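Reading through the structure tokens given below for one structure.
Protein chains: 2
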Amino acid sequence: MTIQDTMISMGRQAREASRIMAALGTGEKNAALQAIAEAIDGARAAIAEANAKDLAAGRDNGLDAALLDRLELTQSRIDGMIEGLQQVAALPDPVGEISDMSYRPSGIQVGKMRVPLGVIGIIYESRPNVTAEAASLCLKSGNAAILRGGSEAIHSNQAIADCIRQGLAKVGLPETAVQVVATTDRAAVGALITMPEYVDVVVPRGGKGLIERISRDATVTVIKHLDGICHVYLDDDAAADKALAIAVNAKTHRYGTCNTMETLLVAESRAAELLPPIAEQMRAKGVELRGCEQSRAIVSDMLAATDEDWSTEYLAPILAVKVVAGLDEAIAHINQWSSQHTDAIVTENYTKSRRFLREVDSSSVMVNASTRFADGFEYGLGAEIGISTDKIHARGPVGLEGLTSQKYIVLGDGHIRQ
Amino acid sequence: MTIQDTMISMGRQAREASRIMAALGTGEKNAALQAIAEAIDGARAAIAEANAKDLAAGRDNGLDAALLDRLELTQSRIDGMIEGLQQVAALPDPVGEISDMSYRPSGIQVGKMRVPLGVIGIIYESRPNVTAEAASLCLKSGNAAILRGGSEAIHSNQAIADCIRQGLAKVGLPETAVQVVATTDRAAVGALITMPEYVDVVVPRGGKGLIERISRDATVTVIKHLDGICHVYLDDDAAADKALAIAVNAKTHRYGTCNTMETLLVAESRAAELLPPIAEQMRAKGVELRGCEQSRAIVSDMLAATDEDWSTEYLAPILAVKVVAGLDEAIAHINQWSSQHTDAIVTENYTKSRRFLREVDSSSVMVNASTRFADGFEYGLGAEIGISTDKIHARGPVGLEGLTSQKYIVLGDGHIRQ
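Chains A and B supply the protein sequences, listed in that same order. Quick note, the numbering used here runs 151 ahead of the 1-based positions in the first sequence. Quick note, the numbering used here runs 151 ahead of the 1-based positions in the second sequence.
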């Protein structure tokens, strides 16, 4: 069988399983999640052994320390997978939720019912715990899943896949409801993203290169998360203490996350007051500052920023700084350079806060809060399969609801159209 | 300039205009709609003249009577365009609507704001009144639009486009907010559906061939409506009068519409009672019946149905009929053969109605109502840009809300992440 054939066969089985998954009750899905958690708990030794193989191969192949760290399944990370499964079991079930049922003049009652998407393909890189996490979200939302992890984690992923199959089988569900691709051949990804008859949506999780490649080649809908070039704008009417706290938190709370601020915008009227203390705190934390001419006139040891800085996701202790005339220029800068992930204003002005919320076209727009809050857990989604920087279907943090859709339901009593 | 260049330039202008449109107030958008309606009213002679050119060309090119009828802009159809614009002006504005604002344990308040998608591409066939209709829906939902009508309606579409430009200019909005492609070259469509940097979503309206071609080639998201193979299932527990009325209405109210029933499923226990009177009424209306073996044993003058009948959208006075064992077989048949447009059950049984609603995976699922109700106006959307048989983003009738998305908004008082 070619890889293409294998993937089509997996797709067909996933499609069949998806019909069973869609009709399941909440209790059945939660029992499956619990059974998978127990299977993982009972297979700690096997998982550790498989993970050791991946780690050894990774070291042989010269993976760097950060990648090896992401790859490692310590006992506490295995605990984390088990807890994650239990947390997803505890989340409300979105499937079957009925809303907006209203009567129409014709006499019919019309509303919407939330339903699973069907089959979700997830493509991810090194972290093998994503296998359990992605499986749990797809399962709870009533979908079937085809998971394709990174080749460097193949043994770990297969060990976790064994546990998922055991858990599904234990509660009488089809093992094909969650399939983990067993080959490391890249052709499997190519097939997965080009079979819309079997796969309803693909969620790539990983570096920008992976996501761009998948978006370009996919014929299946992609829920994608490209970069996070996030801004904080300190308005003329910013409260100084909030401005300082939010700027420092948004940049330095963590450097490698997508909701970290990469560019700080400051209103001209406040730059001389606000930039020096911010620069001082940034300097104390080892953050390199790259500023426009006006900001360098205030804080002289900044490097000169270029257009490339406005469009770079540093994921590092580097911050671009720009002085703007006011709200209009701030919004224009953001709508030109932002990756439409998360942008925040610090202001005490009612009208300007309303304008910023309305006119900034990003998946999360904030007033007087750190961009670091843009996160499924912080938003109360319970879990997150990714953060979408797209506008179609799902925007911002994607939880269980993002893996569902709504159909119309119509209730009548023999109504016919006149 | 090549057509590719022309389209890119239109796309860039649309993207710029979309930022202005997104920030408009409801009153400004309604004023634009009113100004366009007045411009059309004042240009009746010019529109009629342009339409006469298209009709003459159509006759020369041997268009059939049905196509010529769709192409014609009578005075009453021009009235209809004007009323349509006024109706869209009267609809609630979806943009800026804030929902689900709740406080999180961290102290931030999180919710969603409805926002325009950005730039909508609409590709449609012969009916030139779609130009005004599509423009009005895109405008009211705060989007910019690029419209590409059928080549046979090019003069009519351009005359309407003139009115749209006049209306936009009169209220001080950019004329590039609604652009109507002036060339009949097919390369324009190819360009429009492959520039995701300028176009956020494409809505094709027309025959299955057009939609399949666009879906295959598009890199922009497509809200598509393929065929309408709709079913009515008469359950063991159907009330006979409702079964008869709904079956006859769903098939014979109109033959050429996508929400017309194409296959009737009847529970075995009721077939002998229900099929003869239905067949009699269908016969009286000139509907050709094509049945499975069991139904032909009851109504002897039916033709024999083949698998092709289960998968055909007749759009004609033809009905496929199948006797099924009961609810399970009905659902299985529908989930196998339905185009996931609209399917209905007729039953008095509570549990079976709940199962049908939950397990039939179609964009509209109905109990005791005619499939002919699946329509944006009947559902109270006020207007409809199309009916989506997809699951992603929008399902079923797509109104103003389907041309929008939701972003997260976060309100804080200086909150930082711990």
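Virtual Cβ for every residue (Gly too), placed ideally from N, Cα, C. Predicted model, so just to flag it, every value in this text is computed and none were measured.
- Scanning the segment 351–417 of chain A from its first residue to its last, the whole beta strand (DSSP E) runs of 3-plus residues come out as 352–356 and 381–385.
- Inter-residue distance for A:Ala534 and B:Ser462 is about 40 Å (C-alpha atoms, whole angstroms).
- In terms of beta-carbon proximity, A:His566 lines the interface with chain B, with at least one pair separated by less than 8 Å.
- Between A:Ala283 and A:Leu236, the gap from beta carbon to beta carbon is short of 8 Å.
- By alpha-carbon distance to A:Thr335, the top candidate from A:Ala328, A:His306 and A:Val329 is A:His306.
- Counting only unbroken stretches of 4 or more residues, the alpha helix (DSSP H) elements lying wholly within the segment 218–257 of chain B are 226–241, in sequence order.
- For A:Thr345, same chain residues with a beta-carbon under 8 Å away, outside a window of 5 residues either side, are Asp368, Ala369, Thr370 and Val371 in chain order.
- With its beta carbon less than 8 Å from one in chain A, B:Asn486 belongs to the interface.
- In the DSSP annotation of this structure, the continuous segment of the alpha helix (DSSP H) that includes A:Gln164 starts and ends at Ile154 to Ala173.
- Using a Cβ distance threshold of 8 Å, B:Met412 and B:Thr540 do not count as a contacting pair.
- Of the candidates A:Glu200, A:Leu288, A:Gly272 and A:Ala545, A:Gly272 places its Cα closest to the Cα of A:Gly341.
- Listed in chain order, the non-local C-beta contacts of A:Arg255 below 8 Å within the same chain comprise Val261, local neighbours out to five positions each way being set aside.
- For B:Val549, the closest Cβ of chain A is not nearer than 8 Å.
- As the crow flies, the alpha-carbon of B:Arg163 is around 24 Å from that of B:Gly247.
- Listed along chain A, the residues sitting closer than 8 Å to B:Ala396 by beta-carbon distance are Gly565 and Ile567.
- Per DSSP, the unbroken alpha helix (DSSP H) holding B:Lys180 starts and ends at Thr177 to Gly193.
- Residues of the segment 208–227 of chain B whose Cβ lies closer than 7 Å to any Cβ of chain A: none.
- According to the DSSP assignment, A:Lys321 belongs to the alpha helix (DSSP H) that extends over Ile305 to Lys321.
- Assignment of beta-bridge partners to A:Pro267 by DSSP yields A:Thr555.
- Under the three-state reduction of DSSP, A:Gln260 is assigned to strand.
- The continuous alpha helix (DSSP H) containing A:Ser287 extends over residues Asn280 to Lys291.
- For secondary structure counted as the alpha helix (DSSP H) over 4 or more consecutive residues, the segment 465–541 of chain A holds these complete runs in sequence order: 478–488 and 501–510.
- Around the beta-carbon of A:Leu478, 16 or more other beta-carbon atoms lie within 10 Å, marking it buried.
- The segment 423–462 of chain B is shown to contain whole beta strand (DSSP E) runs of 3 or more residues at 439–442, in chain order.
- For B:Ile380, the closest alpha carbon among the candidates B:Met453, B:Gly300 and B:Ala471 is that of B:Ala471.
- In this structure the segment 416–429 of chain B lies against the segment 441–453 of chain B, because at least three pairs of beta carbons, one per stretch, are closer than 8 Å.
- Approximately 4 Å separates the beta-carbon atoms of A:Ala525 and A:Asn410; this is inside 8 Å, confirming the contact.
- For A:Asn519, the nearest CB of chain B lies under 8 Å from its own CB, placing it at the interface with that chain.
- Here DSSP, grouped into helix, strand and coil, assigns A:Gly272 to strand.
- Chain order gives the chain B residues near A:Asp392 as Gly565, where near means a beta carbon separation below 8 Å.
- Any Cβ of chain A closer than 8 Å to the Cβ of B:Ile365 would place that residue at the interface, and such an atom is absent.
- Among the residues facing chain A, B:Leu562 is included, as its CB has a counterpart in that chain under 8 Å away.
- By the 16-neighbour rule on beta-carbons within 10 angstroms, A:Glu234 is exposed.
- With 16 or more other CB atoms across the displayed protein chains lying within 10 angstroms of its CB, A:Met158 is buried.
- For the pair B:Ala168 and B:Glu459, the Cα-to-Cα distance works out to about 48 Å.
- Contact annotation: in the segment 250–267 of chain B, residues whose CB is within less than 8 Å of a CB in chain A are Ser253, Arg255, Ser257, Ile259, Val261, Met264 and Val266.
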